[in-house]
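Residue numbers (this note's numbering): 541 to 744.
Accompanying notes for the structure given below.
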Ligand SMILES: [Zn+2]
């Protein structure tokens, strides 16, 4: 008597680091592809169709669809926040008054709050001295990793820096619109955030 069976054999097609929701952190993963085989006496002999690929956490063994790799790792996220914030605040200060003490203090607070410990006036001056458009990539990377409400929150932070030394000027408003587009916000979302932030400042 021959014992027939069916089995899926997986092999690893790629490896890397991803954010595992189950473990709650950055973990190594294996991206695996499978193929069905007909087994004879438990030995896979006749290859059949391929199965879809999946991603498996090597720590907790949880399997995910491959789209999980599009999510940023925690390390990437941690690097993107301060880098994006630095580019945002520098652009807003250039549009307004880079020498304003109130705006500079708020800018440094915002960058420090985004995770850049030790960010100071000298670092801010270095960021302001960057050529125009140097921060575009960092801003796009930040926008990529945030959902819309979080992008709006960052934009509001930047608008408050522009308003630290008085009402938003025309140039600061234009800067806010350009930065918002860089973050991936729509025109309507930008107008909403500017209006709400100006109203919020009027009440306080
Ligand atoms: Zn895991």
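Backbone N, C-alpha and C define an ideal beta-carbon position, used for all residues, glycine too.
- In this structure, residue 636 lies near residue 702, with their beta-carbon atoms less than 8 Å apart.
- About 4 Å separates the beta carbon of residue 545 from that of residue 579, a gap short enough to meet the 8 Å contact definition.
- CA-to-CA, the gap between residue 719 and residue 554 works out to about 36 Å.
- Within the segment 595–674, the alpha helix (DSSP H) runs of at least 4 residues that lie entirely inside it are, in chain order, 614–635, 641–653 and 661–668.
- DSSP places residue 555 inside the beta strand (DSSP E), whose first and last residues are 544–560.
- In the same chain as residue 581, and ignoring 5 residues on each side of it, the C-beta atoms closer than 6 Å to its own belong to 543, in chain order.
- As the crow flies, the alpha-carbon of residue 597 is around 15 Å from that of residue 550.
- In terms of side-chain proximity, the C-beta atom of residue 602 is found nearer than 7 Å to a non-hydrogen atom of ligand 1.
- Cβ contact annotation for residue 566 (same chain, cutoff 8 Å, sequence separation greater than five): 557, 558, 559, 560, 613, 614 and 615, in chain order.
- Here the distance from the Cβ of residue 599 to the nearest heavy atom of ligand 1 is below 7 Å.
- Here residue 548 is exposed, its C-beta having fewer than 16 other C-beta atoms within 10 Å.
- Here residue 627 is not near residue 668, since their CB atoms are 8 Å or more apart.
- At a cut-off of 7 Å, the beta-carbon of residue 562 counts as near ligand 1: some heavy atom of the ligand is closer than that.
- Ligand 1 approaches residue 567 closely enough that one of its heavy atoms is under 7 Å from the residue's Cβ.
- A direct Cα-to-Cα measurement between residue 684 and residue 541 gives close to 59 Å.
- Counting along the chain, the unbroken alpha helix (DSSP H) around residue 678 starts and ends at 676–685.
- Among the bridge pairs identified by DSSP, residue 584 is matched with 579.
- Rounded to the nearest whole angstrom, the CA to CA distance from residue 659 to residue 666 is 11 Å.
- In the same chain as residue 618, and ignoring 5 residues on each side of it, the C-beta atoms closer than 7 Å to its own belong to 655, in chain order.
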